[in-house]
Every structure is written in C-alpha cells, then in structure tokens.
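Going down the list, the sequences are from chains A, B, C and D.
Residues 2 to 265, numbered by this note's numbering, are exactly what the first sequence covers, in order.
Residues 2 to 265, numbered by this note's numbering, are exactly what the second sequence covers, in order.
Residues 2 to 265, numbered by this note's numbering, are exactly what the third sequence covers, in order.
Residues 2 to 265, numbered by this note's numbering, are exactly what the fourth sequence covers, in order.
Encoded as structure tokens, the structure appears first; notes follow it.
4 protein chains.
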Amino acid sequence: MTGYPTSIGTSDTTSITLLGHDLAQDLMGKVGFTELSYWLLTMRRPNPGQLRVFEAVLVALADHGFTPTALAARLTLLGAPDSIQGALAAGLLGGGSVYLGVTEDCGRFLDSVLAPARERGQVPDDDAGFDELAREAVLAQRAAGRLVPGLGHPVHKDGDPRTPVLIAIAEQEGVAGPYLRLFEAVGRVAPQVLGRNLPLNGAGVCGAALCDAGVDVAMLRGVALLARTAGLLGHLAEEMRRPVAPLVYHEVDRATQYLPPGPG
Amino acid sequence: MTGYPTSIGTSDTTSITLLGHDLAQDLMGKVGFTELSYWLLTMRRPNPGQLRVFEAVLVALADHGFTPTALAARLTLLGAPDSIQGALAAGLLGGGSVYLGVTEDCGRFLDSVLAPARERGQVPDDDAGFDELAREAVLAQRAAGRLVPGLGHPVHKDGDPRTPVLIAIAEQEGVAGPYLRLFEAVGRVAPQVLGRNLPLNGAGVCGAALCDAGVDVAMLRGVALLARTAGLLGHLAEEMRRPVAPLVYHEVDRATQYLPPGPG
Amino acid sequence: MTGYPTSIGTSDTTSITLLGHDLAQDLMGKVGFTELSYWLLTMRRPNPGQLRVFEAVLVALADHGFTPTALAARLTLLGAPDSIQGALAAGLLGGGSVYLGVTEDCGRFLDSVLAPARERGQVPDDDAGFDELAREAVLAQRAAGRLVPGLGHPVHKDGDPRTPVLIAIAEQEGVAGPYLRLFEAVGRVAPQVLGRNLPLNGAGVCGAALCDAGVDVAMLRGVALLARTAGLLGHLAEEMRRPVAPLVYHEVDRATQYLPPGPG
Amino acid sequence: MTGYPTSIGTSDTTSITLLGHDLAQDLMGKVGFTELSYWLLTMRRPNPGQLRVFEAVLVALADHGFTPTALAARLTLLGAPDSIQGALAAGLLGGGSVYLGVTEDCGRFLDSVLAPARERGQVPDDDAGFDELAREAVLAQRAAGRLVPGLGHPVHKDGDPRTPVLIAIAEQEGVAGPYLRLFEAVGRVAPQVLGRNLPLNGAGVCGAALCDAGVDVAMLRGVALLARTAGLLGHLAEEMRRPVAPLVYHEVDRATQYLPPGPG
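Below, the structure is given as structure tokens:
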C-alpha cells in the first residue's frame, strides 16, 4: 500500500516535527503563533512585512460584536455548556458566503482580473492602467447582474475605517502590490460606473491585502475563520461570565407570533 | 426591554470598537493577533512574559500530524469542498475530552488542589511542600480510580519534548508559578506513588503554564481549539494541493469486512 | 492488514446491502424510514409495539418552537445560505446536556437503579416495590446534591401533556416495562421526598419509554437528535420562506449595551 | 417591537402546538415520524402516495457504508466520546456538494428545464416530447462544460439498483410526474448525446422523485441529510460497540510518509 504524504507534522518517540522543523527545539518560544499560522497556510515562512499585514488582517476580522455567528455560538453553549468545541463550531459554520465569504470573494474577483492580465504580460504599472482594468471589471460585473465584492457596507456607509489603515500598513511594509492597487482602482471608478458611492469595505481590503501578502485565494476564507475563532472564543468566555443567550432566547420566546399554517 | 451587555465589540457609522479600543486607530498594526486573542479570552492585555508563554503554548498545540481531527477535517472537505468552514468545524468537533481535553483536565486537576490550599492560605513555597500536596492529590486520584491528567503519552514514553521547553520558557519569563510547580511535583512523586514511570505530557504542561499565565481554567480547551484551528487550516490547505482523504476512503473501502448482522 | 468490520452497509457493482438485506429489493418501499432508523440504532428490527412507541417519541421530540437550537440554525443559515448542512449541524450542536440531554440523563438514572436490582434478581413486580426503589433513588440524588432527571419543566409546571400520552401508548402496545414503571414511581414519591410538586417531563418520559422499547441508553441522545433533525429542517425551510434570523440579529444589535472593559 | 412569526411550534402551560395541531392529543401516536418530517419540510401533510415515495427515498439514502461522512463521524467520536451531537454534526458537514448534493443538483437541473416549459405551457405529455426536452438540456450542459447531475456512478457502472425500484414505487403510487419523466428521458438520450453509457444514479432519481412528490428543490439536500442522520447514528452506535476509528487512525499513522517542505 502506498503511504499518506504530508509535510505538516509527524512525531517519533523523542521528537515532534512540524513543517520540517523540530517543534520543541526550533519553534516553541522562537516562532510566534501568527507566524506559524501563515506558514501552515502557505508552506512558506512570511517575511516581516507579510507577517505584519497578516497580523493586521487577523486583528481586523476577529470580531464584529453581536453578529449572527457570535449569537449562534452563544446560543449553542446554552444547550451544550460542556462542549465548548461545539459552540465554537456552530459559530464558525455561519462563516459562509454572506459574511466571511466577502474576503474570499473579493480576492477571487481581483484574481480573476489579474490572472489573465498577468498571462498576457499586461499588469498595469500606473494608476491609470489599474483604473482601466477596474472599469472593465466593474462593467462586466454589472452586465452580468453581479455585485462587486468588497464594495459597500451596511453600517460604514461613508467609509470603512479599516480600509485606509490596512492599505497604509501594506504600503509601509512594501507589501502593497497589484491586488491592493486594483482594489483601490475599483474604489475610484465604481462611483462613476455604478452611479453611486460605495466605500471599499474592510472584508474586501483584507482579501486584497492577503493576496498581496502571498496567501492563496483558496485559503482567504480560512484566514477569516482563524480570526473569527479568536473573536468567538472571546464571546464564549464572556457568555460564561455574563450570559446573554438566555436573554435572547427569552425575548424571542416572548415575542413569538404563532401563525397557524393552512389545514393539514 | 433590557439591553444585551457586551464588552467585546461594537461599531457605529465611523468607527469600530474592540475591547474598548478603536479597532482601526489603536489595534490594527499595533497589537498582534496572539496578543488580541489572549485579551479576548481573559479581558486583560497580557504582559510580555504571559504573551510569550501563550505563544509557545499555541505553537506547541497547533498540530500533531494525521490525528483523527485532521482526518475528519480532510474527509469532510472531500464531500463539501465549497464549505471550508464545515471542514474546519468537523475537525474542531473532535477536540473533546480525549485529545484536546487533556489541557483543560490538567488545569482543572491542578486548580482543584491549589484552590483549597489558597483558601487555607497554605500554598507551599518550596518543592518539599509541593511534593507533599502532589502526593496527596495523586493518591486521591488513584483511590478514586481516576487517572492523573497530564501524565503519560502513547508515543513519547520517555518524555514529551515539549514539557521541559515550555517550563524553561515560563521560568525565563517569570511566569512559572504554583500551577507549574505543582505539575512538576506531580511528575516527581508519580513514579513512586503509582509504581510506574509516566512522563509529564505536552498537553498537560500547556494547561499548567496557561493557568500560571492567567488564563481561566474554563477557557483552557478554548486555547487548544485556537491552536488547532491553525493546524487544521494547514491540513486543509495541504489537502487542496495534495489530497489524502480519497486515499484513506479508498483504503478503508477496499479493506471493509462486511459482517452480516443476525436475521432481522 | 486487518479489515474494518461493519454490519451496516456495503455495495458492489450490482447491489447495495444494508443491515444484511438487499437495499433495493428488500428494503425500499417495504420498510419505513422510522423502522429502519430503529434498526440502525439497535441492530434489531422493532416489533410493531416498539415501533409505535419509537414513532411517538420522535414526534414528541421533533420541535419546541424557537428554542436556542432552532435560533442557532436559523442564524447560521443567514451567514451561510448555501450550506444547509452547516445550519443543521449548528442547530444539532446545541443538543447537549441541557436540553436534549435530559432524555439520556433520565434513561441513565433509571438504568443505574434498575441494573443492580436486575443483577440481584430483585426488580419489583408491583407499584409498592417500584415506589420503594424510587424513594431510595430520589433520596440518594438529593443527598448527593443532584437533580432527578426527568422531573420538572419551566413551562408545563402542572404537568407535561406528552407524559400521560406516551405512557398510555406504551401500555396499549405492551411495551411499558420496568423503566416506565420506575419513572412513574419517581413521579409518585418525589413530592413527598423533595417537598415540592415536580411533574414528570416529556424529555424524561421519552427516555424511559425508549429504554423499555429496547434502545440502549448510549443511543438515547441519538434518538433525540434524529427527532430534532426533522424539526430543524422545518425551521430552515420556514426561514427560507419567511426569515426571522435578520429580525433577531437586528433586535440584538439595536439593544446592545456596550460596557467598556477595564483599561487594557 | 414586531414579533417573530412561525407556524411550526409553540407551547403554553398546558399544551404544545406543532403545525397548528395539539402535539400530545392529535399527533403523538397518530402521525408517523416520517409523515411529520414531510409536513415540517413542506408545510403540507403528504397523501399516502407522496408519503410512500418519501419513505422509500429516505431508506435509499440512509447509508452507503464507510463513506467519508461515516468515517468523519466515527473519528470525531474517538476524540469527543461524550458529545454524540458533535460526531453526528461532523458527519453531516460532509453532506455537501459532492455526495449528498447530487440529489439537490439533479432536482435543480430538472427544475431549470421544467420551470420555463411550464411557464410557456409546453410541458410535454409524451415520451417523445420529454426526449426532446432532455436532449436540449443535455446538449446545453455539455456546451457549458457542465456535467449532467444524476448521471453515472463510480461503483454501479451498469445501473444503480435503486433507480428502477424508486421509479416503480412512484408509478404505483401515482406520484411519478414530469420530474421523473424528464429524468428517465435524460437516461434515454444521454448515451447518444454524450457518446457513452452513464446510468441514472440513485441520488439523482431521489431528487426527481422528491420533486414529483411535492418537495421544494431548496429542501432536497435537507431530505438527504435527514436520511443520512439515521445512517450516521447507526455508524456511531456500531462504533461504540466495535470501534473502527482507532484502526483507521493507526493505519494512517503507520503509513504516513513525511515529506519535508522546502526550507523555511
């Protein structure tokens, strides 16, 4: 029988190997957890600039208050308080196409524009070129009746505060590349093409920055899930100290409006 | 109606607040993700020593190769490749009492010994005192027919390489306290009390070190789950590039031995 | 290498075998799904009485309105509408010790009383004998500071309407046995022993009836989860037609009370 | 504040209402669980023919041996034996696009052909008409580079034994309608259009039959998940009696081939 290949981890009686390194001797105390996470996701150790952008993205996406995912985790803990892994899993399961998916969708959208340009050897080198690429892409989305991922936010209607900060960090670190440049171009051309003002949102800029920082589009949602894991654990810790789920349950129960279905 | 209290996150049109701080201005690019995670779990910002121990624990627990949790995640991705959150959740759901639970069990065991000593004002201040406390506690576990959490490892029979490294880091950082001291004492007295050599394992030492670093026992499993999230994402990324789940499935299918049940 | 034994299912090019029978020829259209479910759980085909009790339990436990599990499933669908399996899983994860666990806890409690009596050859044959056994058991729970599983209900304070109906069905079908008789005895002696009136609840009576119907205590929670799967799918279907999760989210968001934590 | 509408369940001190009926008086012992499940999914009580088809589909989809979903559930139980809900959830999470999704995909494909025909008032009334519709649809799929859902099976290369049996049941019960007729037509025309013999598979015929039996396409995957819940509980019950997960884990561990990644 053939073997099962992996380059992640293995162990024998006296040592544990992770990513080809001795876990106890070479990694513990020497590599940070965020750095290790990037390494696991990409199989490459980040340079300092990539790491700083990756850290900033994880911080940006860790929490958003009482989102549906936080509520689902808290409500699940109420029924199964001895399975914190179940409450965490329930929260992560809401990290799908609508919320956490934006980071991935935006990265995929930008990549679908840049990959052919790269193949043609025609990645722009100035803002005018990126604006042109962005204009075509936004027009194509509109023609197909699709939204442009990364544009607009239900709360931050005049601008998502995370967007300029992450762009600035990426620029300082020399990580900003074609993905962020194209994303900024989308922000510049969208008002004119779509006829309304839609700010570049935080989930979207995170997708663009991660691509420039060397994360494959297939793992963008994974990064958002890692960030959200920390936020959900924060919610669960708070729920143990000061429960909110019973209040939510009670309020919904109190205000339930039972509508009899048609006759069976 | 009363409100739903939280101290984690909130937002308004122009700003996002996390843990009482402005996310974009004060946290992104200024606080690392691991530091933020500790802060979310404990509602306290770690000091540098606590943070280094927390980082080392997360690195120590991130992965263990083709564990059942990694296999469950990979097999789930095979059936639902478009829901990476589902594959991750499936992997985390195996983080229960048997594997990741050891970290929590060990912390709870140590705490069940230290809390009454603390109340009596009798936490030891030398090794002899900790040995005495450990001896009583190990005897009590044996009398009750219970295992001592944190003792023994199926592979690392002569010593888990993570244990001395984590203890050394905690000592360097001035974080080592009564939990680690009691845990070391358990390691010293166990051979004599139990009549066999059982090394202090890595999951256990992580529980002890996290307690000394200020993490509540109720969140120890949560820390292990955060660590494992990174490991599982690494497995899922590798699974996308070089699938193993179909090989496992095929091998099990090939070697299935169908045993007819008794007549229905 | 040794094989992987199973008696559930297997297939070859021309046939599919389930529980030792030809799925297409002998089971489809000839065995009901509930009957098959009992068979899968117990490896025995139910007799008609056992099946009717099993059906009644599944109907009794299928739904309870806007419970935390239903809310968690609906909130998860909001974030990941294309992964109905994720929303269902999130709902089931709340089926832990607090809610669905009562069915299992009650069965285990009754079994912990009956198993030793059975071993001693002293299972009672009249109500007086069951009352005596119940009195000892309830006293022992009280002495240990533990609740008696299956007693009391937050809403149905004067009696759970499911309890007498399920007992009547089990008696009609000749399925009622020592578990239900002991459970009824607990209901008779509890007011006197505990000094207050606590009705026998529906989750508890389901546990007792399932035990008498031949389901192992280890699978009682599994039966409750199967029942709840149908209820959760009903909620998800309704959520797709007439969403409630956005209303819940909006209401919680509106009424969030942000309490700054202490200084970081 | 507005209320939260539902037509599923509610309760007050003395009664429980489900689907507008008194649970204890009108449903328990009077309605089967499968019938209740159909009712919950569709908000309509099935007629006897629809119920028999629904039962046959659930039986057909309940299990398939050591599938990846069954393995994921068993491996999860190994790590978290006290959370059967977690092991079940892990198994269901693999019920995504690749396996259980075929039932939904096939229903959606057929619906995408029939809905416009229905709107035009041109649903065929003879086999020739359905063949024509099927030919166009299969050609369109091929032109778009998409597979035809419901065609082909990795094991049952010469015909899935479930397909003719389910069609026969649906015909006997007078439930067979345009979805099954179109599906059969796809089976007739595909060899010629695609140039190879691909049998109509069981997952596909279940999707077609459920549509004819009145289940909305949005809930087809839900029906497959309900069926699989029973199968997974059977696997978990068997795993408790005769564990297979440790054998799988051990075998994978034994045959792991560690490939060091490039230098970090």
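Using N, Cα and C, we set each Cβ at its ideal position, and we do this for glycine too.
Note that the structure is a prediction, hence the values are computed from the model and not measured.
### Task
Rank C:P6, C:S12, C:D112 by C-alpha distance to the C-alpha of D:G277 and give the top, closest one.
Since the first residue shown for chain D is 2 and the last is 265, residue 277 of chain D is missing from the structure and cannot be characterised.
### Query
Mind pulling the chain A residues with CB within less than 7 Å of D:A73?
As a position in the fourth sequence, residue 73 of chain D is number 72, starting the count at 1. What D:A73 touches in chain A: nothing, since even the nearest Cβ is about 13 Å away.
### Separation of D:V216 from A:P179, as counted between CA atoms
The residue you call residue 179 of chain A lines up with position 178 of the first sequence. The residue you call residue 216 of chain D lines up with position 215 of the fourth sequence. About 48 Å.
#### Entry: B:I170, enclosing beta strand (DSSP E) - first and last residue
Taking the second sequence and counting its residues from 1, one reaches residue 170 of chain B at position 169. Here B:I170 belongs to no beta strand (DSSP E); instead the alpha helix (DSSP H) covers 163-173.
### Task
Evaluate B:V156 with the Cβ neighbour count: other Cβ atoms within 10 Å of its Cβ, from every protein chain shown; 16 or more gives buried, anything less gives exposed.
Along the second sequence, read from residue 1 onward, the residue named residue 156 of chain B stands at position 155. B:V156 comes out exposed.
### Message
Which residues in chain B have a C-beta closer than 8 Å to the C-beta of D:Y5? List them in chain order.
### Response
The sequence position of residue 5 of chain D within the fourth sequence is 4, counting from 1. Those do not exist, as D:Y5 stays about 14 Å from chain B at its closest Cβ, beyond 8 Å.
### N-terminal and C-terminal residue of the alpha helix (DSSP H) that A:L183 is part of
By 1-based counting over the first sequence, the position of residue 183 of chain A is 182. Where A:L183 is concerned, the enclosing alpha helix (DSSP H) stretches over 179-195.
### Message
Let me check understanding here. Comparing Cα to Cα, which of D:P165, D:A214, D:P262 lies closest to D:R45?
### Response
In the fourth sequence, the residue the question calls residue 45 of chain D occupies position 44. Nearest of D:P165, D:A214, D:P262 to D:R45, Cα basis: D:A214.
### One or two residues paired with A:I17 in a DSSP bridge
As a working mapping, residue 17 of chain A is identified with position 16 in the first sequence. Its beta-bridge partners are A:S12.
### Query
Among A:L94, A:V218, A:P69, A:L201, which residue has its Cα nearest to the Cα of C:V245?
Locating residue 245 of chain C in the third sequence gives position 244, where the first residue counts as 1. If we check each option's Cα against that of C:V245, A:P69 comes out closest.
### Message
With DSSP as the reference, identify every bridge partner of B:D23, one or two as the case may be.
### Response
Against the second sequence, residue 23 of chain B aligns to sequence position 22. Its beta-bridge partners are B:T18.
### Task
Check whether the stretch 82-91 of chain B touches the stretch 92-102 of chain A, counting contact only when three or more Cβ pairs, one atom from each stretch, lie closer than 8 Å.
Cβ pair count under 8 Å is three or more, so yes.
### Task
Would you tell me roughly how many angstroms separate the C-alpha atoms of B:P82 and C:E185, rounded to the nearest one?
In the second sequence, counting from the first residue as 1, residue 82 of chain B sits at position 81. In the third sequence, counting from the first residue as 1, residue 185 of chain C sits at position 184. Distance between the alpha carbons of B:P82 and C:E185 is about 50 Å.
#### Entry: Start and end residues, beta strand (DSSP E) containing B:F5
For the purposes of this step, residue 5 of chain B is taken as residue 4 along the second sequence, with counting starting at 1. Rather than Phe, the amino acid found at residue 5 of chain B in this sequence is Tyr. Note, B:Y5: beta strand (DSSP E), 5-7.
### Query
Just checking my contact of B:L28 with B:L42 at CB under 8 Å: how many whole Å lie between their CB atoms?
Translated into positions along the second sequence, residue 28 of chain B becomes position 27. Translated into positions along the second sequence, residue 42 of chain B becomes position 41. Incorrect: roughly 16 Å between the Cβ atoms, too far for contact.
### Query
Does any residue of chain A bring its CB to less than 8 Å from the CB of D:M29?
Here residue 29 of chain D corresponds to residue number 28 of the fourth sequence, with the count starting at 1. With 8 Å as the cut-off, D:M29 does not count as an interface residue toward chain A.
#### Entry: DSSP three-state assignment for B:T257, whether helix, strand or coil
Here residue 257 of chain B is taken as the residue at index 256 of the second sequence, counted from 1. Reduced to three states, the DSSP call for B:T257 is strand.
### Query
Where do the N-terminal and C-terminal ends of the alpha helix (DSSP H) with B:D112 fall, by residue?
To locate residue 112 of chain B, count along the second sequence from 1; it is residue 111. Annotation: the continuous alpha helix (DSSP H) that includes B:D112 extends over 102-120.
### Short CB-CB distance (under 8 Å) between C:V245 and chain D
On the third sequence, residue 245 of chain C is found 244 positions in, with the first residue counted as 1. Chain D, which has a Cβ nearer than 8 Å to the Cβ of C:V245, makes this yes.
#### Entry: 8 Å Cβ cut-off: residues of chain A touching C:V206
Here residue 206 of chain C is taken as the residue at index 205 of the third sequence, counted from 1. In chain order: nothing, as chain A lies at least about 20 Å away.
#### Entry: Under 8 Å between C-beta atoms of C:L79 and C:P247
Numbered from 1 along the third sequence, position 78 holds the residue referred to as residue 79 of chain C. Numbered from 1 along the third sequence, position 246 holds the residue referred to as residue 247 of chain C. For C:L79 and C:P247, yes; Cβs fall inside 8 Å.
### Query
Which bits of chain D does A:V253 rub up against, with CB to CB less than 8 Å?
Indexing the first sequence from 1 puts residue 253 of chain A at position 252. By Cβ distance, chain D contributes Y5.
### Query
Is the CB-CB distance between C:A74 and D:A90 below 8 Å?
Residue numbering aside, residue 74 of chain C sits at position 73 when the third sequence is read from its first letter. Residue numbering aside, residue 90 of chain D sits at position 89 when the fourth sequence is read from its first letter. Contact flag unset, no.
### Query
Where do the ends of the alpha helix (DSSP H) carrying A:A225 lie?
By one-based count along the first sequence, residue 225 of chain A stands at place 224. It spans 221-242 - the alpha helix (DSSP H) in which A:A225 sits, taken as one unbroken run.
### Task
Check whether the Cβ of B:A20 lies closer than 8 Å to any Cβ atom in chain C.
Locating residue 20 of chain B in the second sequence gives position 19, where the first residue counts as 1. The question names Ala, yet the displayed sequence has Leu at residue 20 of chain B. Yes, because at least one Cβ of chain C sits closer than 8 Å to the Cβ of B:L20.
### Task
Per DSSP, which residues does A:L89 bridge with? Please list them.
Here residue 89 of chain A corresponds to residue number 88 of the first sequence, with the count starting at 1. None; A:L89 has no bridge partner.
### Message
If I follow the unbroken alpha helix (DSSP H) through C:R46, where does it start and stop?
### Response
Translated into positions along the third sequence, residue 46 of chain C becomes position 45. Taken as a continuous stretch (DSSP letters only), C:R46 belongs to no alpha helix (DSSP H), as it is neither H nor E.
### Query
Looking at the structure shown, is B:L199 part of a helix, part of a strand, or coil, going by DSSP?
Start at 1 with the first residue of the second sequence, and residue 199 of chain B comes out as number 198. DSSP places B:L199 in the coil class of the three-state scheme, outside both helix and strand.
### Query
Would you call B:S38 buried or exposed, if buried means 16 or more other Cβ atoms sit within 10 Å of its Cβ?
What you label residue 38 of chain B is simply residue 37 of the second sequence in a count that begins at 1. Buried is the call here.
### Message
Going by DSSP in three states, D:L267 sits in which element: helix, strand or coil?
### Response
The structure shown has nothing for residue 267 of chain D, since chain D only spans 2 to 265.
### Query
Using the beta-carbon of each residue, which ones in chain A are nearer than 7 Å to D:T11?
As a position in the fourth sequence, residue 11 of chain D is number 10, starting the count at 1. Result: T257, Y259.
#### Entry: C:R53 burial status per 10 Å Cβ neighbour count (16 or more: buried)
Stepping through the third sequence from its first residue, residue 53 of chain C is reached at position 52. The residue in question, C:R53, is buried, as its Cβ has 16 or more Cβ neighbours within 10 Å.
### Task
Flag this pair as touching only if the stretch 221-235 of chain B and the stretch 229-242 of chain A have three or more C-beta atom pairs under 8 Å; answer yes or no.
The stretch 221-235 of chain B is in contact with the stretch 229-242 of chain A.
### Query
Per the contact definition of three or more C-beta pairs closer than 8 Å, is the stretch 134-153 of chain B in contact with the stretch 107-121 of chain B?
yes
### Same chain only: Cβ atoms within 7 Å of A:M2, ignoring 5 sequence neighbours per side
Your numbering for residue 2 of chain A matches position 1 in the first sequence. For A:M2, the predicted model reports a pLDDT of 49, less than 50, meaning its position is unreliable and no value from the coordinates is stated.
### Query
What span of residues does the alpha helix (DSSP H) with D:P69 cover, start to end?
Taking the first residue of the fourth sequence as position 1, residue 69 of chain D is located at position 68. Segment 69-80, the alpha helix (DSSP H) holding D:P69.
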